[in-house]
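Novice: All the letters of the sequence shown, read from the start, carry residue numbers 13 to 232 under this note's numbering.
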Amino acid sequence: MNVIPYRIIRSNRKSIALIIDNSANLVVRAPNQAKDNEIRNLVEKKKRWITNKQHKIFSFDEKHNPVLIKTGESIIYLGDTYTIIKDNVSDMQFSNTHILVPSRYCKSDLITWLKSEAKKVLAERIAKYVSLMGTKYSMFKLSDAKARWGSCSAKGNLNFAWRLVMCPITVIDYVVVHELSHITYKNHNSGFWARVKTVLPNYKEQQDWLKANQGLMEII
13 MNVIPYRIIR SNRKSIALII DNSANLVVRA PNQAKDNEIR NLVEKKKRWI TNKQHKIFSF
73 DEKHNPVLIK TGESIIYLGD TYTIIKDNVS DMQFSNTHIL VPSRYCKSDL ITWLKSEAKK
133 VLAERIAKYV SLMGTKYSMF KLSDAKARWG SCSAKGNLNF AWRLVMCPIT VIDYVVVHEL
193 SHITYKNHNS GFWARVKTVL PNYKEQQDWL KANQGLMEII
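Here's what the structure looks like:
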């Protein structure tokens, strides 16, 4: 029987989270009281999901080239990995697990496209949560940050790393809610986290994902 190795990190949390880090290792974040057999059973139950995620990371490491764009390389978009196929198309097109890229495209063209997608996705998610939370902001813009996913100024200006477009929508939502909450709460006090939790009860799962995938900020 093929047993998946994993490392357990226990803390004062309520649920078990399975995290695949940048080296494709499985990290289990578990409550202090969680039993070992409960963890083993969850890992066994999620074996297919775990191996698929690990395979994507291995494939990405083997194929991705941050400088040149060639058929067979990979990009990550909204949390999923797509294999690039250079083709005679006028714009980027998705086809199942592949993405068709105009044959003339180079790295700068790909980044321009990702930034355009990031702006559209973020505008949509911000509008959703501004309405839901009943808050207001001054403006938002994209940044080239490689250390912070988002920020909020004292004047209510929002900044988001365009590389967020590589993250799953649920993670993007967490970063958006996090920064919108800072319009009311300027620091990470108990009121701030209570506000985030009111909107996104499972926000810690998205925090775990961001910690495990911080390397996404460096790949392009």
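Backbone N, C-alpha and C define an ideal beta-carbon position, used for all residues, glycine too.
1. Looking only at C-alpha atoms, which of 150, 197 and 221 sits nearest to residue 185?
2. Please list, in chain order, all residues of the same chain as residue 23 whose beta carbon is under 6 Å from its beta carbon, the five residues on each side excluded.
3. Using only the alpha-carbon positions, how far apart do residue 193 and residue 15 sit?
4. With DSSP collapsed to three states, give me the class of residue 26.
5. Cβ of residue 87 within 8 Å of Cβ of residue 119?
6. Is it the case that the segment 154-163 contacts the segment 97-114, given that we only count it when at least three CB pairs across the two stretches are under 8 Å?
7. Does DSSP classify residue 15 as helix, strand or coil?
8. So for residue 33, helix, strand or coil by DSSP?
9. According to DSSP, is residue 135 helix, strand or coil?
10. Identify, in the order they occur along the chain, each residue of the same chain with its Cβ nearer than 7 Å to the Cβ of residue 26, setting aside the five sequence neighbours on each side.
11. In the DSSP assignment, what residue or residues form a beta bridge with residue 94?
12. Do residue 189 and residue 141 have their C-beta atoms closer together than 8 Å?
13. What beta strand (DSSP E) runs, 3 residues minimum, are completely inside the segment 106-169?
14. Under the three-state reduction of DSSP, which class applies to residue 54: helix, strand or coil?
15. Quick one: using the 10 Å Cβ neighbour count with 16 as the cut-off for buried, is residue 144 buried or exposed?
16. Please classify residue 178 as buried or exposed, where buried requires at least 16 other C-beta atoms within 10 Å of its C-beta.
17. To the nearest angstrom, how far is the alpha carbon of residue 169 from that of residue 215?
18. From the DSSP output, which residues share a beta bridge with residue 40?
19. With DSSP run on the structure shown, which of helix, strand or coil describes residue 99?
20. Along the chain, where does the alpha helix (DSSP H) that runs through residue 195 open and close?
21. Quick check on DSSP: helix, strand or coil for residue 173?
22. Spatial neighbours of residue 181 within its chain, please: C-beta separation below 7 Å, excluding the five flanking residues on both sides.
Specialist: Once the coordinates are examined:
1. Counting from one through the sequence shown, the residue named residue 185 turns up at place 173. Of the candidates 150, 197 and 221, the one whose C-alpha sits nearest the C-alpha of residue 185 is 221.
2. For the purposes of this step, residue 23 is taken as residue 11 along the sequence shown, with counting starting at 1. None.
3. Within the sequence shown, residue 193 is the residue found at index 181, counting from 1. Within the sequence shown, residue 15 is the residue found at index 3, counting from 1. Their backbone Cα atoms lie some 42 Å apart in a straight line.
4. Residue 26 sits at position 14 when you count from the first residue of the sequence shown. Residue 26 falls in the coil class under three-state DSSP.
5. The sequence position of residue 87 within the sequence shown is 75, counting from 1. The sequence position of residue 119 within the sequence shown is 107, counting from 1. Judged by their CB atoms, residue 87 and residue 119 are not nearer to each other than the 8 Å cut-off.
6. No, the segment 97-114 does not touch the segment 154-163.
7. Working through the sequence shown from its first residue, we reach residue 15 at position 3. Of the three classes helix, strand and coil, the one that applies to residue 15 here is coil, per DSSP.
8. On the sequence shown, residue 33 is found 21 positions in, with the first residue counted as 1. Three-state result, residue 33: coil.
9. For the purposes of this step, residue 135 is identified with residue 123 of the sequence shown, where counting begins at 1. Residue 135 falls in the helix class under three-state DSSP.
10. If you number the sequence shown from 1, residue 26 lands on position 14. Within the same chain, residue 26 has close Cβ partners 43.
11. Locating residue 94 in the sequence shown gives position 82, counting from the first residue. Residue pairing by DSSP puts residue 94 in a beta bridge opposite 87.
12. Position 177 of the sequence shown holds residue 189. Position 129 of the sequence shown holds residue 141. Yes. Within cutoff.
13. As for any beta strand (DSSP E) of minimum length 3 sitting wholly inside the segment 106-169, the runs are 110-114, 151-155 and 162-164, ordered along the chain.
14. One-based indexing of the sequence shown puts residue 54 at position 42. Three-state result, residue 54: helix.
15. Translated into positions along the sequence shown, residue 144 becomes position 132. Answer is exposed; the Cβ neighbour count stays below 16.
16. As a first step, residue 178 must be located in the sequence shown, where it is residue number 166. With 16 or more Cβ atoms within 10 Å of its Cβ, residue 178 is classed as buried.
17. Locating residue 169 in the sequence shown gives position 157, counting from the first residue. Locating residue 215 in the sequence shown gives position 203, counting from the first residue. Here the C-alpha atom of residue 169 lies approximately 22 Å from the C-alpha atom of residue 215.
18. Residue 40 sits at position 28 when you count from the first residue of the sequence shown. Per the DSSP secondary-structure output, residue 40 pairs in a beta bridge with 20 and 30.
19. Mapped onto the sequence shown, residue 99 falls at position 87. Looking at residue 99 - three-state DSSP - the assignment turns out to be strand.
20. Start at 1 with the first residue of the sequence shown, and residue 195 comes out as number 183. First-last for residue 195: undefined, no H or E at that position.
21. To locate residue 173, count along the sequence shown from 1; it is residue 161. Here residue 173 sits in strand by DSSP.
22. Within the sequence shown, numbered from 1, the residue matching residue 181 stands at position 169. If we look at residue 181 and ignore the five residues flanking it on each side, its Cβ neighbours are 90.
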